[in-house]
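Comments concern the structure below.
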Amino acid sequence: MVKMDLNLIIGGPQGGGIETAGLLAVRALAMDGLEVFADREYHSNIKGKHSYSHIRASDKRVRSIKYPVDFVAALDVESIATHYKDLKPGGVLIHDSALLDKSLLKLPPMEKERVERLKAELDANGAGATVKELDEWLQRNGKVVLQYPFSKTIVEKVKLASPSIERAMNTALTTVLLRAAGMTLTKILEAVDSLFIEKAEARELNRAVAGAISDGFDELSGTKKLGTKILGQERPPRGKRMLVAGNDAVAIGKLIGGLRLQTYYPITPAADESFVIEQHAKLLDSEGRAVGSPIVIQAEDEISAICMAIGGALTGVRSATCTSGPGFSLMAEGIGWAGMNEVPVVVTCYQRGGPSTGLPTRHSQSDLLFTINSGHGEFSRIVLASGSHEEALDDAVKCMNLAERYQVPVIHLLDKGIANCVTTVDPPVFGAVERGKRVEKGTGEYLRFAIGDDPVSPRAYLGEELMWYTGDEHDERGHITEDPDTRRRMYEKRMAKREKILKEAPDGDKAVLYGDEGFEDLLVTWGVSTGAAIDALPELRSHGSRVAVLQVRMVEPFPADYISKFILEANNVIGLEANYVGQLAELIGCNTGFRIKSRILKYTGRLITQDEVVDAYMRIKGGEERVVLTGGE
Amino acid sequence: MSTDWNSGVWPDWCPGCGNFGIFTALKGALSELGIMRERIVLVSGIGCSGKIPHFVKVPGVHTLHGRAIPFATGIKASNPELKVIVHGGDGDLLGIGMGHLIAMGRRNPDILVVIHNNGVYGLTKGQASPTLQLGRKTKSLALPNINSAVNPILLGIASGYTFLARSYAYDIEHLKACLKQGISHSGAGILEVIQPCPTWNNLVTMDWVEKNTYRLKDWDPVVKDDEDAVKKAQGIIGLESGERKALGTILVDRRKETFGKRIASIYKNYSTEPPAAQRVEVEGKALPIDLEKTFPRFFIQ
Chain U
1 MVKMDLNLII
11 GGPQGGGIET
21 AGLLAVRALA
31 MDGLEVFADR
41 EYHSNIKGKH
51 SYSHIRASDK
61 RVRSIKYPVD
71 FVAALDVESI
81 ATHYKDLKPG
91 GVLIHDSALL
101 DKSLLKLPPM
111 EKERVERLKA
121 ELDANGAGAT
131 VKELDEWLQR
141 NGKVVLQYPF
151 SKTIVEKVKL
161 ASPSIERAMN
171 TALTTVLLRA
181 AGMTLTKILE
191 AVDSLFIEKA
201 EARELNRAVA
211 GAISDGFDEL
221 SGTKKLGTKI
231 LGQERPPRGK
241 RMLVAGNDAV
251 AIGKLIGGLR
261 LQTYYPITPA
271 ADESFVIEQH
281 AKLLDSEGRA
291 VGSPIVIQAE
301 DEISAICMAI
311 GGALTGVRSA
321 TCTSGPGFSL
331 MAEGIGWAGM
341 NEVPVVVTCY
351 QRGGPSTGLP
361 TRHSQSDLLF
371 TINSGHGEFS
381 RIVLASGSHE
391 EALDDAVKCM
401 NLAERYQVPV
411 IHLLDKGIAN
421 CVTTVDPPVF
431 GAVERGKRVE
441 KGTGEYLRFA
451 IGDDPVSPRA
461 YLGEELMWYT
471 GDEHDERGHI
481 TEDPDTRRRM
491 YEKRMAKREK
501 ILKEAPDGDK
511 AVLYGDEGFE
521 DLLVTWGVST
531 GAAIDALPEL
541 RSHGSRVAVL
551 QVRMVEPFPA
561 DYISKFILEA
571 NNVIGLEANY
581 VGQLAELIGC
591 NTGFRIKSRI
601 LKYTGRLITQ
611 DEVVDAYMRI
621 KGGEERVVLT
631 GGE
Chain D
1 MSTDWNSGVW
11 PDWCPGCGNF
21 GIFTALKGAL
31 SELGIMRERI
41 VLVSGIGCSG
51 KIPHFVKVPG
61 VHTLHGRAIP
71 FATGIKASNP
81 ELKVIVHGGD
91 GDLLGIGMGH
101 LIAMGRRNPD
111 ILVVIHNNGV
121 YGLTKGQASP
131 TLQLGRKTKS
141 LALPNINSAV
151 NPILLGIASG
161 YTFLARSYAY
171 DIEHLKACLK
181 QGISHSGAGI
191 LEVIQPCPTW
201 NNLVTMDWVE
211 KNTYRLKDWD
221 PVVKDDEDAV
231 KKAQGIIGLE
241 SGERKALGTI
251 LVDRRKETFG
261 KRIASIYKNY
271 STEPPAAQRV
281 EVEGKALPID
291 LEKTFPRFFI
301 Q
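Top line first, the protein sequences correspond to chains U and D.
Using my numbering, the first residue of the first sequence is number 1, and each one after it goes up by one.
Using my numbering, the first residue of the second sequence is number 1, and each one after it goes up by one.
Dropping the structure here:
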């Protein structure tokens with residue numbers, strides 16, 4: 001079978017159905033037996049600004065996006081202006097023929113600076129200032145342009161009137177795109193049915209639109225020259241698979257892991273996780289009986305959200321909250337209280353661009369040092385950073401178990417890249433649900449914070465025994481104390497958990513090495529950037545490099561000994577992460593004394609792509625120390 | 001009253017502190033209500049009032065400044081069998097914790113909030129609290145207070161509380177009766193306790209309280225219907241704008257659904273199996289959740 005790597009962009013105005021268009025395309029590709037990975041980029045705006053889906057589909061597993069792309073499907077002029085240069089040689093631009101006379105430089109939603117940049121760019125390459133002129137220029141430069149009369153076809157064949165046309169344009173565009181790539185109408189309709197499984201009216205409308213557009217596509221003689229029959233091959237069945245965003249994956253993981261109380265305050269890109277949990281308030285077994293019924297509470301702020309979750313945890317309920325950087329800032333005091341009181345509570349933190357509200361809807365990996373240091377004073381906590389959707393799901397279960405096993409707050413650190421990217425995953429295998437150490441009945445006076453050989457004291461839930469909690473230093477019963485000896489012993493009991501956690505953590509939870517043993521160069525990375533590094537490996541090796549990728553998964557307590565082994569084995573260590581400082585590289589330096597000089601960094605709010613990893617690695621090999629990536633709009 | 005309600009921890013309040021009255025009345029109320037000790041949870045914030053859970057022999061959760069209400073809400077929502085009582089000061093609940101106080105009224109959980117109102121921040125040495133009147137200068141203040149006072153009872157009405165009462169820390173019998181009524185009330189309650197702070201507040205003294213408070217008479221606090229609710233609210237605004245503070249039960253509205261009932265109307269299993277009563281594993285393994293049945297839309301056919 002031919003190895004296939006299809007990359008496409010579907011763009012349009014926010015609120016124009018671009019998210020649905022992307023999901024339809026992703027679903028169609030996944031249902032066609034392909035592996036998919038799709039990024040969603042959008043402004044912090046409800047209607048009008050540029051948003052797009054960057055979709056990648058392949059025979060083999062993909063974990064990142066890549067430029068240049070095979071197709072750009074544009075719902076509006078801004079999408080053409082933004083993405084025309086992302087096309088590879090022979091790549092196809094698709095847009096409504098009604099846009100031909102529009103100017104590329106009179107686009108009100110575009111920021112002035114971008115219009116200026118675009119103007120300079122168009123002037124420099126002599127591409128003209130209208131869509132028509134740009135199309136001609138693209139064709140002169142080896143690209144294919146497919147101007148398709150979407151709106152006209154919808155009006156004539158589906159008999160839709162405005163504003164319903166707008167509701168159908170996204171499906172029309174996606175249908176042309178998929179047909180141009182070689183997919184049959186039958187498969188597109190299957191995807192439409194599956195996407196709108198719970199919405200009969202939308203299903204019928206979208207079926208009608210896809211059908212009409214597809215008929216028109218066959219009639220259009222100009223499409224013959226496309227020669228892009230990428231899709232439409234028979235593929236072996238892949239068994240049951242799921243198509244999930246990172247938010248979905250974590251929600252499912254939390255529910256498998258026994259979550260029964262989720263609290264949250266609305267924030268992008270975390271809130272979708274709570275919606276998914278709310279939508280599945282009944283966990284069903286194979287007979288359709290409810291085996292669990294978690295509740296979700298929308299709190300008045302993040303401070304309340306973390307405190308409510310802690311309250312729930314004190315009653316023995318598996319409790320969690322989810323947030324992003326600004327909300328996490330507010331949760332710091334609650335996390336400190338949970339640390340002082342040895343409360344098992346899980347906080348899922350989806351990083352986005354900071355500081356402050358920064359880039360609210362864009363990607364970032366700049367909260368690593370913040371999360372591991374959040375809260376004043378010192379206390380044991382666990383911070384796990386997932387690098388893929390599978391890990392996000394598995395780690396969500398794991399975080400619940402670790403929280404109860406060690407009676408510490410656990411922070412599950414993710415990023416917008418994982419939260420909003422959609423990908424295919426295998427259904428998870430169910431593992432252990434560990435409730436941790438419980439008190440035995442009838443053992444006399446209960447001491448919540450009993451000091452023994454094990455820093456983890458047996459737990460009783462509120463309602464079972466007499467117990468006290470306080471944010472102040474406390475004795476074994478939980479009462480306030482300022483006695484220096486008790487203070488020392490209680491402090492040591494809490495901090496001793498870090499060693500215990502490190503000792504008991506399986507190596508795979510600490511870090512994962514991708515690539516051959518006997519590597520010379522080591523790319524050290526974490527979070528969603530890992531995917532781009534792994535995807536880039538074959539190409540790096542084809543250049544003759546002996547390179548491996550080390551993904552760090554446990555960032556607190558930091559597995560310094562385990563990480564050191566890999567670092568000392570490498571001749572060159574290169575950090576790869578989406579922040580300015582190189583936070584993981586700094587953390588490794590702090591904990592191992594090894595200074596990682598070479599760093600590949602990105603802080604534009606966009607994902608690190610596979611091609612960027614390749615280019616940056618070559619630059620590092622060429623002698624650069626710090627490579628800053630800027631790709632993507 | 002049985003001394004069995006003492007935890008054995010020495011109450012470290014200043015001599016003459018109003019908290020001693022609240023402490024005594026609380027122990028009396030709990031003892032007379034006959035609730036199983038382990039099923040009670042005292043949740044407090046920060047400040048002198050925040051220490052009270054340590055002194056009473058029932059489970060206690062001494063939380064963060066201003067945050068007792070969210071902790072209490074999480075506890076109650078997870079395990080509705082627990083009797084949850086919040087204690088906080090006027091600075092704690094009406095200053096840093098004001099947002100949570102309002103949110104609690106909107107939810108109407110079955111929780112009583114006891115506001116220890118002494119007009120100052122006691123544990124940080126007497127700064128002006130949100131209930132100190134404009135222009136007043138206690139002995140600990142360098143300059144007169146430049147903020148107007150908030151009235152917890154009026155705030156309670158506006159926020160949707162279904163039980164409102166005011167008492168006085170040294171009138172143990174009256175306070176005990178109010179506590180019993182508030183703890184037994186099904187829904188969100190505020191009990192404001194006027195509490196002299198002999199160390200920092202030289203304005204609200206026992207003498208002041210004698211002269212500036214009165215017991216409510218001929219006031220029926222129970223709301224009968226919507227029309228009556230409006231009348232009551234207007235009446236309470238009248239009561240609260242008087243020179244002297246009314247002591248007693250000011251509002252009882254049993255018509256509003258509690259937070260627990262609201263949750264149960266959405267999550268049908270909640271009334272029989274709240275989170276704390278649900279299993280999350282079978283012999284150490286995850287429950288047999290059928291993912292395709294539970295999450296159909298995430299599966300690709």
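Cβ atoms here follow ideal geometry from the backbone N, Cα and C, with glycine treated the same way.
List, in order along the chain, the chain U residues whose C-beta lies closer than 8 Å to that of residue i?
{"i": "D:His62", "result": "Trp468, Tyr469, Thr470, Gly471, Asp472 and Ile480"}
{"i": "D:Ala103", "result": "Ala299, Glu300 and Ser304"}
{"i": "D:Lys57", "result": "Leu466"}
{"i": "D:Glu38", "result": "Gly463, Glu464, Glu465 and Leu466"}
List, in chain order, every chain D residue whose beta-carbon is nearer than 7 Å to that of residue i.
{"i": "U:Leu243", "result": "Phe298 and Ile300"}
{"i": "U:Lys240", "result": "Phe299"}
{"i": "U:Asp248", "result": "Phe298"}
Can you list the residues of chain D that residue i reaches, using a CB-CB cut of under 8 Å?
{"i": "U:Thr263", "result": "Gly74"}
{"i": "U:Ala290", "result": "Asn269"}
{"i": "U:Pro163", "result": "Here the premise fails: no neighbours, minimum Cβ distance about 27 Å."}
{"i": "U:Met308", "result": "Pro70, Phe71, Thr73, Gly74 and Ala77"}
{"i": "U:Ile197", "result": "Pro296 and Arg297"}
Using only alpha-carbon positions, find the residue among the options that is nearest to residue i.
{"i": "D:Gly304", "options": "D:Thr24, D:His87 and D:Leu287", "result": "Given that chain D is displayed from residue 1 to residue 301, the structure contains no residue 304 of chain D and the question cannot be resolved."}
{"i": "U:Pro415", "options": "U:Gly33, U:Pro360 and U:Trp468", "result": "As written in the sequence, residue 415 of chain U is Asp, which differs from the Pro given in the question. Nearest of U:Gly33, U:Pro360 and U:Trp468 to U:Asp415, Cα basis: U:Pro360."}
{"i": "U:Thr357", "options": "U:Gly325, U:Asp521 and U:Met467", "result": "U:Gly325"}
{"i": "U:Arg459", "options": "U:Pro427, U:Leu173, U:Ala74 and U:Pro344", "result": "U:Pro344"}
{"i": "U:Val397", "options": "D:Leu287, D:Phe299 and D:Phe298", "result": "D:Leu287"}
{"i": "D:Phe163", "options": "D:Pro144, D:Val150, D:Lys180 and D:Asp4", "result": "D:Lys180"}
{"i": "D:Ser148", "options": "D:Ile96, D:Gly135 and D:Leu155", "result": "D:Gly135"}
{"i": "D:Asn201", "options": "D:Gly122, D:Pro11 and D:Ile146", "result": "D:Gly122"}
{"i": "U:Ser364", "options": "U:Arg595, U:Asn579, U:Gly15 and U:Asn591", "result": "U:Asn579"}
{"i": "D:Glu210", "options": "D:Pro196, D:Lys217 and D:Met36", "result": "D:Pro196"}
{"i": "D:Val9", "options": "U:Lys503, U:Arg599, U:Arg477 and U:Ser194", "result": "U:Arg477"}
For residue i, go through chain U and note every residue whose CB falls closer than 9 Å to its CB, in chain order.
{"i": "D:Ala286", "result": "Ile256, Gly257, Gly258, Val397, Phe430, Gly431, Ala432 and Val433"}
{"i": "D:Leu82", "result": "Thr315, Leu462 and Gly463"}
{"i": "D:Val113", "result": "Here the premise fails: no neighbours, minimum Cβ distance about 15 Å."}
{"i": "D:Arg244", "result": "Those within 9 Å of D:Arg244 in chain U number zero; the least Cβ separation is about 34 Å."}
Taking residue i as the query, report the chain U residues whose CB atoms sit under 7 Å from its CB, ordered along the chain.
{"i": "D:Thr294", "result": "His280, Leu283 and Leu284"}
{"i": "D:Lys257", "result": "Inspection of the sequence shows that residue 257 of chain D is occupied by Glu rather than by Lys. Chain U residues near D:Glu257: none, gap ~16 Å exceeds 7 Å."}
{"i": "D:Ile263", "result": "Ile295"}
{"i": "D:His100", "result": "Glu300 and Ser304"}
Taking C-beta pairs closer than 9 Å, name the residues in chain D that residue i reaches, listed in chain order.
{"i": "U:Gly312", "result": "Gly74, Ile75, Ala77, Ser78, Asn79, Pro275 and Ala276"}
Distance cutoff 8 Å, beta carbons only. Does residue i sit that close to anything in chain C?
{"i": "D:Leu251", "result": "Among the protein chains in the structure shown, which are U and D, there is no chain C."}
Query raised in the report: Is there contact here, the segment 49-61 of chain D with the segment 278-293 of chain U, by at least three beta-carbon pairs under 8 Å?
Result: Flag = no, the segment 49-61 of chain D and the segment 278-293 of chain U do not touch.
Query - Complete runs of the beta strand (DSSP E) confined to the segment 48-80 of chain D [at least 3 residues] - result: With a minimum length of 3 residues, the continuous beta strand (DSSP E) runs that stay inside the segment 48-80 of chain D are 60-62.
Query raised in the report: Given a limit of 9 Å on CB to CB distance, which residues of the segment 319-345 of chain U reach chain D?
Result: The residues in question are Ser319, Glu333, Gly334, Gly336, Trp337 and Asn341.
Query raised in the report: Any residues in the segment 14-37 of chain U with a beta carbon nearer than 8 Å to a beta carbon of chain D? Which ones, in chain order?
Result: Residues passing the 8 Å Cβ filter: Arg27, Ala30 and Met31.
Query raised in the report: At what residue ranges does the segment 429-476 of chain U contain a whole run of the beta strand (DSSP E), taking only runs of 3 or more?
Result: Here the runs fully enclosed are 468-470.
Query - the segment 108-124 of chain D in contact with the segment 76-94 of chain D per 3-pair CB rule at 8 Å - result: Because the criterion of three Cβ pairs below 8 Å is met, the segment 108-124 of chain D and the segment 76-94 of chain D touch.
Query - Contact residues within the segment 48-75 of chain U, judged by C-beta distance below 9 Å to chain D - result: Contacts with chain D (Cβ-Cβ distance below 9 Å) from the segment 48-75 of chain U involve no residue at all.
Report task. List in chain order: all unbroken beta strand (DSSP E) runs of 3+ residues lying wholly within the segment 121-177 of chain U. Result -> Listed in chain order, the complete beta strand (DSSP E) runs (minimum 3 residues) inside the segment 121-177 of chain U are 144-148.
Report task. Starting from the N-terminal side, write out each stretch of the alpha helix (DSSP H) that is 4 residues or longer and does not extend beyond the segment 321-369 of chain U. Result -> Within the segment 321-369 of chain U, the complete alpha helix (DSSP H) runs of at least 4 residues are 325-340.
**Report entry** Under 8 Å (Cβ pairs) to chain U, residues found in the segment 219-242 of chain D
**Finding:** Going along the segment 219-242 of chain D in chain order, one finds no residue with a Cβ nearer than 8 Å to chain U.
Requested in this report: Please specify which runs of the alpha helix (DSSP H), each continuous and at least 4 residues long, are wholly inside the segment 556-585 of chain U, giving them in chain order.
Outcome: The alpha helix (DSSP H) runs lying completely inside the segment 556-585 of chain U and spanning 4 residues or more are 560-569, given in chain order.
Report task. Check whether the segment 205-223 of chain U touches the segment 178-188 of chain U, taking contact to mean three or more Cβ pairs, one atom from each stretch, closer than 8 Å. Result -> Flag = yes, the segment 205-223 of chain U and the segment 178-188 of chain U touch.
Report task. Scan the segment 399-427 of chain U for residues whose Cβ lies nearer than 8 Å to a Cβ of chain D and list them as they occur along the chain. Result -> The residues in question are Thr424 and Pro427.
Report task. Evaluate the contact criterion for the segment 8-20 of chain U versus the segment 51-64 of chain U: three or more CB pairs, one atom per stretch, below 8 Å. Result -> Judged by Cβ distances under 8 Å, the segment 8-20 of chain U makes contact with the segment 51-64 of chain U, as three or more pairs qualify.
Query raised in the report: Relative to chain U, which residues along the segment 3-26 of chain D have a C-beta separation below 7 Å, given in chain order?
Result: Correct list: Val9.
Query raised in the report: Which residue spans inside the segment 86-127 of chain U form an unbroken beta strand (DSSP E) run of at least 3?
Result: Counting only runs of 3 or more, we get 87-96.
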